[in-house]
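Student:
Number of protein chains: 2
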Amino acid sequence: MTESLLDRRARLMGPNIPTFYRTPVHIVRGEGVWLWDSDGRRYLDCYNNVAHVGHCHPRVVAAIAAQAAVLNTHTRYLHEGVLDYIDRLTATLSHGISQAIMVCTGSEANDIALRMAQAVTGKTGIIATDATYHGNTMAVSQLSTRRQPIGGRWPNVRLVPAPDGLRPVGGDVAGQAQTFAANVAAAAQDLENAGFGFSCLMICPVFANEGLPLLPSDFLHPTAATVRAAGGLMISDEVQPGLGRMGSHFWGHDALGFAPDIVTVGKPMGNGHPVAAVLARPDVMGAFREVFGYFNTFGGNPVSAAACLAVLDVIKDEELQENAACVSAYLLDRLRALRHPFLTEARATGMFFGVEFTTDGLTPAGDFAGDLVEDLVERGFLLNRIGRGANILKIRPPMPFSIKHADLLADAIQAALDTA
Amino acid sequence: MTESLLDRRARLMGPNIPTFYRTPVHIVRGEGVWLWDSDGRRYLDCYNNVAHVGHCHPRVVAAIAAQAAVLNTHTRYLHEGVLDYIDRLTATLSHGISQAIMVCTGSEANDIALRMAQAVTGKTGIIATDATYHGNTMAVSQLSTRRQPIGGRWPNVRLVPAPDGLRPVGGDVAGQAQTFAANVAAAAQDLENAGFGFSCLMICPVFANEGLPLLPSDFLHPTAATVRAAGGLMISDEVQPGLGRMGSHFWGHDALGFAPDIVTVGKPMGNGHPVAAVLARPDVMGAFREVFGYFNTFGGNPVSAAACLAVLDVIKDEELQENAACVSAYLLDRLRALRHPFLTEARATGMFFGVEFTTDGLTPAGDFAGDLVEDLVERGFLLNRIGRGANILKIRPPMPFSIKHADLLADAIQAALDTA
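Chains as they are written, first to last, in our numbering: chain A, 54 to 473; chain B, 54 to 473.
Below, the structure written as structure tokens:
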């Protein structure tokens, strides 16, 4: 069965279609933090942040079904749904961020955010880290180092070394925040010298794709000051940390204590329904909308808005942010207590965990972590790897993940480590 | 109520949020070809192609609700849904086009299509018409002339004069197809001379945004030959003509009798669910996927696939393509029989109609057409305008639009014209 699906994928989707795991799983059903494959095998989902409030949450499903049966059009007509949602979502934000453009994917949101910064500053230079991923449009994929962009990287993009808790930029943990900021300042100056000017730094506030490094909570303060001083905008890509996952805060940038000019969010917003948003202050939004008459046909449609409103309701009613804070502390303790010679560091930022494996405290044990992921899939636990060396377990479960689930996972990882 | 919603939009969405009509309508319910506003007023929808098989079609709603309750993940796991859909959709295509990438918006689809052409040719030059719209990512918006792109238009883009039945490119109706092709050839050569090289022509096969001009059915044959001879790819943007709307054919390029290398489709695919696709031959798909590991989190998810499969089922079972052919001929006759001194030409390509108004056979009567649209809204008919002079009624209803609806619309237009 699985073989035949892989054959069909190759025939219908072409080569290099990404799958997870050496033997890709064929998932047919989901409920809460659980997924089932076509053989009836159950997996604990320790990875998927799209199903933010749990797979197939009945309130989200009901909201989608109800609204789809009544109306699904676009924002060229007036409708309360999109307004109710933006009202609710912006109420969770500070720093004067009170307006939104609704779109369908995080890539679309980041593609707009880059243009917003260009509209505000009149400049085109962009800075990101050299181990990140912000999306897949032609423009946003310029910020990815996984593959060289088609046609070569644009000359107005600068990638600065990503921070790392074990291998600090500049070689010194204590000075890393200043070094990172200094590198951003140098890149901004370089963009000015090259004639592009500096428009923005786009950043995931917890450096999720970079490996979720353990950093001081004020790590980004010097960088935020640097960006401001250089006349650029700070874009906080909250696709991974946003919507309560931090536990301590609803947004990553609030946990890190800096004021972004633009916030983008996507995957978790609609619990699987394709929806994303760019959030900004009115001055930033106005600068963009004055020069670009952006309209997104599907963006903010009544069904998307209904799904998103239901997600906010569930986060609140089921106290999922509070659960994230609680489970974060509990599971981090359990992960730190795991025993294996290669286990170098376990870390967490809310309901998002990294467990780093090295052979000697520094050298990434990527193959080891890869085998561990596969072993855990065999044991019925879905997770994956991040980091430059692909040596860090990435644990980013749906938000209803509980203490009980944390115990199941920690026990399974230890059992896998014991036989590794 | 309407005033308050407009105020909320300005506060929450910022300035220059596009709406239809001088007094924007507040739509709260839809069913088939009908929409209702918050006062219970009913409108005949003569415009929306997103609700391709009719607003809130029960089979599509049921498919979405059922699948959303069972599973909604992504294509890194195996699932039949996306494969069943690509199988069914590619079966409607010829010219060796047998593979697809599923995404969420037509903009994303066109953004990928441009990169596919660049991957195949190793060149970056793009040609489009000078009165088109293909989407709103940073890259695709370079092809729009509505607003100058932020940061200026890229140097690798050339826009050729759009064809027009009344004001032919080159001044001669009989020679327009050759002149248009010659302009494409010159632009391709210019891109080669500039060092970008020529990668593709992106085109809507019926020139929908350009004004749906009345052109011979073999109009694009010389252009297709020219593009091929110049080593470029032909991208057929089928967001408007595709999925049976042509009546005579399932796809616009088949109605026009040319072989595209890449086909993109979006709005109508999921009847409002945010889904779109890029379709290509295996050699084109392979060239792209070898150099760019594209993955779209929401693209081709089980719910999107279920919605899209239901749309194909309804098109077939309710014979909507056949209905389009039938209603196209009938409504075109009725539109041609309308009487007003400014009425210059009524035209149709399947379930897509343009009614052009000029003051003297050539000078666009844009204000007149604008007033007419507003009058028709007052009468309970939703449509809009296209064309460089915004002087062409755009009638592009959901596909279940019937002879009865055509009569209602034609009668209403004549009544409006009688008092104009």
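All C-beta atoms in this analysis are idealised placements derived from N, C-alpha and C, irrespective of residue type, glycine included.
Who are the neighbours of Cys361 of chain B on chain A, taking C-beta pairs under 8 Å?
Tutor: Under the 8 Å cutoff, chain A gives no residues; its nearest Cβ is about 13 Å from Cys361 of chain B.
Student: Can you tell me whether Lys369 of chain B is buried or exposed, with buried defined as 16 or more other CB within 10 angstroms of its CB?
Tutor: By the 10 Å Cβ count, Lys369 of chain B comes out exposed.
Student: Please give me, in chain order, every unbroken run of the alpha helix (DSSP H) with length at least 4 that falls completely inside the stretch 249-316 of chain B.
Tutor: 274-282 and 305-309
Student: Measure how close the beta-carbons of Ser301 of chain B and Gly403 of chain B come, nearest whole angstrom, since I'm counting them as under 8 Å.
Tutor: 7 Å
Student: Run through the stretch 174-254 of chain B for me and flag every whole alpha helix (DSSP H) of 4 or more residues, listed as ranges in chain order.
Tutor: With a minimum length of 4 residues, the continuous alpha helix (DSSP H) runs that stay inside the stretch 174-254 of chain B are 229-246.
Student: In three-state DSSP terms, what is Pro355 of chain A?
Tutor: helix
Student: On the criterion of 16 or more Cβ atoms from any shown chain inside 10 Å, does Leu415 of chain B qualify as buried, or is it exposed?
Tutor: exposed
Student: Give me, in chain order, the residues of the same chain whose beta-carbon lies closer than 7 Å to that of Cys99 of chain A; leave out the 5 immediate sequence neighbours on both sides.
Tutor: Phe434, Leu435, Leu436, Ile448, Pro450 and Leu462
Student: Using the DSSP secondary-structure output, state which residues sit across from Asp90 of chain A in a beta bridge.
Tutor: A:Ile80
Student: Can you tell me which of the three DSSP states Gly403 of chain A falls into?
Tutor: coil
Student: Should Met169 of chain A and Ala333 of chain A be called a contact, given that it needs their Cβ atoms to be closer than 8 Å?
Tutor: yes
Student: Below 8 Å on the Cβ atoms is my guess for Gly284 of chain A versus Pro294 of chain A; work out the distance and round it to an integer in Å.
Tutor: The C-beta separation of Gly284 of chain A from Pro294 of chain A comes to about 26 Å, leaving the pair out of contact by the 8 Å criterion.
Student: Note down, in chain order, every chain B residue with its Cβ under 7 Å from the Cβ of Pro335 of chain A.
Tutor: Gly67
Student: Take Phe421 of chain B as the anchor and find which of B:Ala230, B:Arg206 and B:Thr397 has the nearest alpha-carbon.
Tutor: B:Thr397
Student: Determine the extent of the beta strand (DSSP E) in which Met155 of chain A is found, giving its start and end residues.
Tutor: It spans Gln152 to Val156 - the beta strand (DSSP E) in which Met155 of chain A sits, taken as one unbroken run.
Student: Can you give the Cα-Cα distance for Ile288 of chain A and Leu167 of chain B, rounded to whole angstroms?
Tutor: 27 Å
Student: Give the interface partners of Glu161 of chain B over in chain A, defined as CB-CB distance under 9 Å, in chain order.
Tutor: Correct list: Cys157, Thr158, Ser160, Glu161, Asn189 and Thr190.
Student: Quick check on the DSSP output: the beta strand (DSSP E) that includes Tyr96 of chain B runs from which residue to which?
Tutor: Arg95 to Asp98
Student: Determine the direct distance from the alpha carbon of Glu245 of chain B to that of Leu196 of chain B, and round the result to whole angstroms.
Tutor: 18 Å
Student: Looking only at C-alpha atoms, which of A:Asn101, A:Val86, A:Ile80 and A:Asp243 sits nearest to Asp92 of chain A?
Tutor: Cα-wise, what sits closest to Asp92 of chain A is A:Ile80.
Student: Assign Arg438 of chain B to one of two classes, buried (16 or more other C-beta atoms within 10 Å of its C-beta) or exposed (fewer than that).
Tutor: Its Cβ being crowded by 16 or more others within 10 Å, Arg438 of chain B is buried.
Student: With respect to the beta strand (DSSP E) encompassing Leu446 of chain A, which residues constitute its N-terminal and C-terminal limits?
Tutor: Ile445 to Ile448
Student: Just to confirm, are Tyr138 of chain A and Leu362 of chain A a CB contact at a threshold of 8 Å?
Tutor: Contact: yes.
Student: Which value, in whole angstroms, describes the spacing of the CA atoms of Tyr96 of chain B and Thr126 of chain B?
Tutor: 37 Å
Student: Using a Cβ-Cβ cutoff of less than 7 Å, which residues in the same chain neighbour Phe73 of chain A once the five nearest sequence positions on both sides are dropped?
Tutor: Asn437
Student: Hey, how far is the Cα of Leu250 of chain A from the Cα of Lys176 of chain A?
Tutor: Before going further, note that residue 250 of chain A is Gly rather than Leu in the sequence given. Gly250 of chain A and Lys176 of chain A: Cα-Cα distance of roughly 5 Å.
Student: Identify, in the order they occur along the chain, each residue of the same chain with its Cβ nearer than 6 Å to the Cβ of Ala401 of chain A, setting aside the five sequence neighbours on each side.
Tutor: Ser381 and Leu385
Student: At the 8 Å Cβ level, is Asn125 of chain A part of the contact set with chain B, yes or no?
Tutor: yes
Student: Once DSSP output is grouped into helix, strand and coil, what is the label at His326 of chain A?
Tutor: DSSP places His326 of chain A in strand when its eight states are reduced to three.
Student: List the residues of chain A that Gln42 of chain B touches, going by C-beta distances under 7 Å, in chain order.
Tutor: This structure leaves residue 42 of chain B out entirely; chain B is present only between 54 and 473.
Student: Just the C-alpha distance for Gly346 of chain B and Ala241 of chain B, rounded to the nearest angstrom, thanks.
Tutor: 28 Å
Student: Please list, in chain order, the chain B residues whose beta carbon lies closer than 7 Å to that of Arg342 of chain A.
Tutor: Gly67, Pro68 and Asn69
Student: Can you give me the Cβ contacts of Arg141 of chain A inside the same chain, cut-off strictly under 7 Å, excluding the 5 residues immediately before and after it?
Tutor: Leu362 and Leu365
Student: Compare the C-beta of Ala109 of chain B against all C-beta atoms of chain A and say whether one is closer than 8 Å.
Tutor: Before going on, a small fix: residue 109 of chain B reads as Cys here, not Ala. Yes, because at least one Cβ of chain A sits closer than 8 Å to the Cβ of Cys109 of chain B.
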